[in-house]
Each structure stands twice: as structure tokens, then as C-alpha cells.
Amino acid sequence: YSLGVVLYELVCGQRPHDLGQLDLEQALRVLREQTPRRPSALRAELAGDVESIILRALRPEPEARYPSAASLAADLIRHREGRPVEARPWTWSYQVLLLVRRHRVLAFAGLAVFLVAIVAAIVSALFAVEASRARRAEAERAEAATRMAEESRKLSDWVTLDLLSRIGSLPRGAELQRELAGKVKEHLERVAPYVRDDGEVQRSMAIAWMELGALAGDPGQRNAGRLPEAAAAIQRALEVFKRRFDDDSSDPDRLIDLNVARLRLAGILHEQGEADRALEILSRALESMPSGIAAADPASQRLLGLKATLLRELSALHLARGSLAEAKECGEIGLAARRRCLAALDSEGARRELWVDLMQLASMAISQGQTEEALAYTDEALTLVDDVDLDRDSDLVRANDQVVSLGTRADLLGELGRYEEALALHRKSLALRERLLALDPSNPLLLANASTAVSRVIELMLYLELPASEIEAQCQRNLAIDRRMQVLNPESRDVHVRLSQDLRQMATVLINEQAFDRARVCLEEARELNRELLLRDPKDLDARRGQAEYLTYLGLCKFQETLQVFVEETVPVDEIVEQVDDAREHFVDALAIYEVLERELLPRPDWLDAMLRAVRAYLANSAEFITKIQ
33 YSLGVVLYEL VCGQRPHDLG QLDLEQALRV LREQTPRRPS ALRAELAGDV ESIILRALRP
93 EPEARYPSAA SLAADLIRHR EGRPVEARPW TWSYQVLLLV RRHRVLAFAG LAVFLVAIVA
153 AIVSALFAVE ASRARRAEAE RAEAATRMAE ESRKLSDWVT LDLLSRIGSL PRGAELQREL
213 AGKVKEHLER VAPYVRDDGE VQRSMAIAWM ELGALAGDPG QRNAGRLPEA AAAIQRALEV
273 FKRRFDDDSS DPDRLIDLNV ARLRLAGILH EQGEADRALE ILSRALESMP SGIAAADPAS
333 QRLLGLKATL LRELSALHLA RGSLAEAKEC GEIGLAARRR CLAALDSEGA RRELWVDLMQ
393 LASMAISQGQ TEEALAYTDE ALTLVDDVDL DRDSDLVRAN DQVVSLGTRA DLLGELGRYE
453 EALALHRKSL ALRERLLALD PSNPLLLANA STAVSRVIEL MLYLELPASE IEAQCQRNLA
513 IDRRMQVLNP ESRDVHVRLS QDLRQMATVL INEQAFDRAR VCLEEARELN RELLLRDPKD
573 LDARRGQAEY LTYLGLCKFQ ETLQVFVEET VPVDEIVEQV DDAREHFVDA LAIYEVLERE
633 LLPRPDWLDA MLRAVRAYLA NSAEFITKIQ
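Counting along the sequence shown from 1, when you hit position 349 you're at 381 in this note's numbering, and nothing is skipped either side.
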């Protein structure tokens, strides 16, 4: 909770509650009963992962917070690496957002596609409007309508053939996007009074409003982050779809249009922090869905699939509100509906939706410590993506899904103590990550994810005490990835931190191999990286930790090398003692840094406890060694 308060103040510039001059009893009542102001209300760019992480840390119920500081740190690291965080449910929109972040090149293309979709919808509306007028108008008006239709076609061609190829490289892409959206809105407003009686044109315009909402702030799409504007656009579409449904409630397509708009609006409201309103909209959508859908024809299959998605989003909303029982119930009912849908129509889209359902339930089980249940969901999800073929472009999404499934399953097996199985899965995940990286070698997120996967492999290999030469090969592999990231972004703090960590890890492996000179080379490079970080920010925690670990491993390298000399050669005792004292000085300097961090970091993170124990043990062992040889 305290770390959550500090994090809130760091990113928002103020504390979550204004306690002012309140006495202790009043302050405690405020903390218990008042919800902190959402960070995104202070800084819009905090919406999403960062806000969810902060608010989970600040939950008034202890059992709803992170169980430890290490868990909070792990979620922050997952956010930084573009991986799903525990603080947010694995909704379909969240999965798509992560995928977009990992594939930024595709994101620009996605933006262009959205623009084309909007213009296509408008062009469709124009064609319909002009055709309708032509049927009722005189010959000269028909001729004018034809001319307008031709101009609309030219506009469509320009967007498709010219804008699509240029949009990705425009330096003012966001500004131009907003300008275009404004023009489209003006056009929709002008056309609206003339087409009130034309249902199909009304539907085309509603779809255009939906696309405008997606451009402005749909959480599941590449967007401009303007959530209120997005909600207003979706609301316009919703009003049209509601009128159409009221005119003919027996048409399943009209019900689908209506509830898809409700689903999109609820997602945006959820992102804005309007959970109660989002819950009301989703509940209304589910109430309007027919019961006992048989999935016997395409229309009923679409209805059943939509119902499953509505239940999944309702589950995610309950989970975010801390209603775990309701979240699980909705998730399981939605999963059952999805299975029926898949049984009726085994399509790639339906299988992908089932995968998202399963991984969301797995994430829910993980958050409640139900490892075995989470493993069962993950295993089933993995069967849906275990036949990935990267030679087909359509499998890029499924390949990413497989990587997520493999990594989640490996972590769960590790928690159960099944380390060899976990290692095999992490290796398989790493191989797939490297194939994805080969398709986009300069993608920084793919590089970071590959480095993280190699680190997981190394950790398990060390735990299983596999041959040092094999571990060293993986360390070299990791350093090669880090250096590629360094070339792409030489000033990046995160790259400096990652490379320094991996160099220190390599040094420990080399010390165990008694390759002391090579270990010192790695440690000196790590020290230089830490020095640069400390020059930028003397309080940088990662840099201070790196400096302490550098001293620790440098002392260990000296001590182990002295032991080897003592065993293998005849060296005067005084010289041996002098060398061990040199090593002990490094341990003492490292311990001083760790003890400062011990006072600053409350509660202490697991890594700090481990390093304090290790350095104190090194000091005790070296002192005992000196006593014995003397």
C-alpha cells in the first residue's frame, strides 16, 4: 500500500488523498471510505496498465492488493516489457492492445485501415443517399447525383491508393487523423437530416460513428486516447441502432448491431473509470439477448458468440470491482456459451475467442493463488494454438498467443516445483519468440521479450545446476540480444539496466567456471553502465543495486581466485591473507550500499534479502578462512 502511495505521487505529482489538517481518526476514515482520484483524471496518458497497477496497490481491502512488494515490482516489469499485467483482466481489448504495442509497424497500417473504413462507410452512405435521391428526383438531379457519386469514388480511390501508402510515415499523423475525423463528423451531421427515413443509410452512418469512436479512443484499437470523444461517437451510433431495433426487434442482425455498440461503449466507460455505468450497459445488453440460443444457423451462432463476449467483459468488470465470485460465475457461463458456439462452427475466429476466454479465467485463478486451476485453463488454451505455422501471415497473432500460453504455463509449473518441465516450455517459447524476431529484427519489444525469455531459461538452468558451458552459451545469447537493443537505442535507460544485469549474471557463471579474468571483464563493463546511470540520476535504484552487485561479485571473484591459488600453489600465508582482505573490502563496500537500501526500501524486496544474506555469508566465510590458515 505504501509503495502504491509513493508510485501515485511520483506519476501524478500529488498524493491519492488530500488529508490536509485532519487528525489521525479522520484521516483513517478517509483512507478507508474514499476512493483515490483515478490517475488518468490527472494525467490522461496514465489510463490502462499504470492506473490499474496503482489502484490495485491502493485497494482498501488487504486481500485485494498485491500480496508483496515483489508482486508489485513484477507487475511493473511486465508492463514495461509489454506483457499482460495481473492488475488488469485479460479482456479481448487488452489482448489486442498488447499485440498492437508489440507490432508498431502493423499499428500504422491499422490506423490507415481505420481511416479507409471510415471513408468507405461514408462513401457507402453517399452512394445510398444519392441513389435514393436519384429515384425520386428529376433527370437533372439524377445527373447531379451521379456526379457526386463519382466524386465520392475519387475520394475513396485517393484514400485507398494514396493515403494508405503514406500515412505510416507522416510526422503529423495524430494531428492529421484528428483533422480528418473532424471533417467526417461535420459531413455526418450535415447528411443526417436528409436520411432519417432510409434505414440502410442510417446504418451506414452509425457504422461510421463507430469507426470514429475507434479512432478517438477505443481501448482495443490504435487510437488517440480521447475517451470522452470516443464515448460520444459510440453513443451516436448506439442511438441509431436502438431506433432500428425498436422498429423490428425480431431481426437478429439489428440486435447484434445494438449490443456490439453497447459492448464498445461499456469498454470505453470502463477505461474512463465509470464502472457502474459500464456495468449497467452490459447488463442491459445481456438482458436483451434471447435465452437458450440453439446456434443452429449463422445468425444464432453470431448471437451466441456475442453473448459469450458480453459475459467475458462483464466478468472482467466484476473482477476490476473486486467482486470475485460474480467475475468467476460470469466467466464460466461465458466459457460454456463459447464452447457451444465453437461446437456449432469451428472457425479460427471462434477458437481465438475461446483462447481469450480461457486465458482470462487462468489470469483470474492466478490472482487468487489457484495454481492448479490456472494450469488447467492454460493447458486447454495451449491446445488451441499449438499448431502455429509462421509461414502463413495469418498465424502471427496465433504465434503471439502461443508464446503467451507457453510462458504462463511454464511459470505455473515453476510454482509447482516442476522445474524441468518449466524449462522445456520456456525453451519452446524462446524458439518461437526468436522466429517472430526474425520477421521483424529491429522491433524493440520483440527484442526485450526474447531477452526476458532467455533470462527465464538461465534462471531455471542455474537452479537445476546444468553444465556451466550450457548456461554460459545462453548468457552469451542474451548479451547478443541486449547489444542489438543497445545499437537501436543507445541512450535508453532500460537497455542500460538490462545489459548491466545480464553482464553480472554472466560474471557469476564465469566465476563458477573459474574463468576469473573473463568475469572481471564483464563486471567492468557492467560498472561502466551503472556509472552512466548514476550520473543521470544518483538515486536510480537499479543503478545502486547494480553497483552493490558489482562489488559483491568482484569480491567473490577475488576470493574464489585466491582459494584456487591457495590450493594449487605454494604461496606465503601473508600474501594469501592480503588478497582475501582485498576481497573483504569489496564485500564491506557492497554491504554498506545494501544496508542503505535496506533502510530505504520497506518492506524489503526478496532480492535485497538474498543479497544481504549472501554478502554477510561471504564476510563470515572469508574471516573463517583467514583464521584457519593463520
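Every residue gets a Cβ at the ideal spot worked out from N, C-alpha and C, and that includes glycine.
(request) Compare the beta carbon distance of Leu314 and Glu271 with 8 Å and say whether it is the shorter of the two. (result) no
(message) One question on the structure: do Val647 and Thr584 come within less than 8 Å of each other, judged by their Cβ atoms?
(response) yes
(message) Just to confirm my understanding: we take Glu118, look at its own chain, exclude 5 residues before and 5 after, and list those with CB closer than 6 Å. What are they?
(response) Asp107 and Ser399
(message) Here's the rule I'm using: 16 or more other beta-carbon atoms within 10 Å means buried, otherwise exposed. How should Thr410 be labelled?
(response) buried
(message) Which of the three DSSP states is assigned to Ser100 in this structure?
(response) coil
(message) What does the alpha-carbon distance come out to for the pair Gly305 and Asp81?
(response) 13 Å
(request) Drop a sphere of 10 angstroms on the beta-carbon of Thr415, count the other beta-carbons inside from all chains shown, and report buried for 16 or more, exposed for fewer. (result) exposed
(message) As a quick exercise: from Leu478, Gln662 and Ala551, pick the residue whose alpha carbon is nearest that of Met517.
(response) Leu478
(request) Specify whether the segment 326 to 333 and the segment 343 to 361 touch according to this definition: at least 3 beta carbon pairs, one from each stretch, less than 8 Å apart. (result) no
(request) Note down the Cα distance separating Arg467 from Pro473, rounded to an integer number of angstroms. (result) 10 Å
(message) Measuring straight from C-alpha to C-alpha, what distance separates Ala580 and Pro522?
(response) 24 Å
(request) Closer than 7 Å by C-beta to Lys274: which residues in its own chain qualify, once you throw out the five before and the five after it? Chain order, please. (result) Leu290
(request) Use the C-beta contact count for Ser34: other C-beta atoms within 10 angstroms, 16 or more gives buried, fewer gives exposed. (result) exposed
(request) Evaluate Ile300 with the Cβ neighbour count: other Cβ atoms within 10 Å of its Cβ, from every protein chain shown; 16 or more gives buried, anything less gives exposed. (result) buried
(request) Classify Ala89 as buried or exposed, calling it buried when 16 or more other Cβ atoms lie within 10 Å of its own Cβ. (result) buried
(request) Tell whether a beta-carbon distance below 8 Å holds between Leu644 and Arg616. (result) no
(request) Please classify Gln392: is it buried, with 16 or more other beta-carbons within 10 angstroms of its beta-carbon, or exposed? (result) buried
(request) Specify the secondary structure class of Leu356 as computed by DSSP and reduced to three states. (result) helix
(message) Which runs of the alpha helix (DSSP H) at least 4 residues long sit entirely within the segment 259 to 297? Give them in chain order.
(response) 259 to 279
(message) Quick check on DSSP: helix, strand or coil for Pro316?
(response) Sequence check: residue 316 is Arg here, not Pro. DSSP places Arg316 in helix when its eight states are reduced to three.
(message) Quick check on this structure: which residue in Val599, Val233, Ile503 and Arg465 has the alpha carbon closest to the alpha carbon of Leu542?
(response) Ile503
(request) From the DSSP output, in three-state form, read off Lys215 for me. (result) helix
(request) Could you tell me whether the segment 631 to 642 touches the segment 590 to 597, where touching means 3 or more Cβ pairs closer than 8 Å? (result) no
(request) My understanding is that Trp241 touches Ala224, with C-beta atoms under 8 Å, so please give their C-beta distance in whole angstroms. (result) 10 Å between Cβ atoms; not a contact.
(request) Taking only the alpha-carbon atoms, compute the straight-line gap between Leu524 and Ser282 and give it to the nearest angstrom. (result) The displayed chain sequence assigns Ser, not Leu, to residue 524. Looking at the two C-alpha atoms, the distance is approximately 58 Å.
(message) Can you tell me whether Ile86 is buried or exposed? The criterion is at least 16 other CB atoms within 10 Å of its CB, across all chains shown.
(response) buried
(request) Measure from the alpha carbon of Arg465 to the alpha carbon of each residue in Leu448, Asp614 and Ser483, then state which is nearest. (result) Ser483
(message) Using a Cβ-Cβ cutoff of less than 6 Å, which residues in the same chain neighbour Leu623 once the five nearest sequence positions on both sides are dropped?
(response) Val647
(request) Decide if Tyr582 is buried, meaning its Cβ has at least 16 other Cβ atoms within 10 Å, or exposed. (result) buried
(message) I need the straight-line Cα distance from Ala649 to Gln434, nearest angstrom please.
(response) 42 Å
(request) State yes or no: is the C-beta of Ala397 within less than 8 Å of the C-beta of Ala406? (result) yes
(message) Starting from Leu469, trace the alpha helix (DSSP H) in both directions and tell me its first and last residue.
(response) Tyr451 to Leu471
(message) Tell me the residue span of the alpha helix (DSSP H) that contains Val541.
(response) Arg525 to Asn544
(request) Use the C-beta contact count for Gly363: other C-beta atoms within 10 angstroms, 16 or more gives buried, fewer gives exposed. (result) buried
(request) Could you please give the first and the last residue of the uninterrupted alpha helix (DSSP H) stretch that includes His49? (result) First-last for His49: undefined, no H or E at that position.
(message) Under DSSP, the alpha helix (DSSP H) around Lys590 begins and ends at which residues?
(response) Leu573 to Glu600
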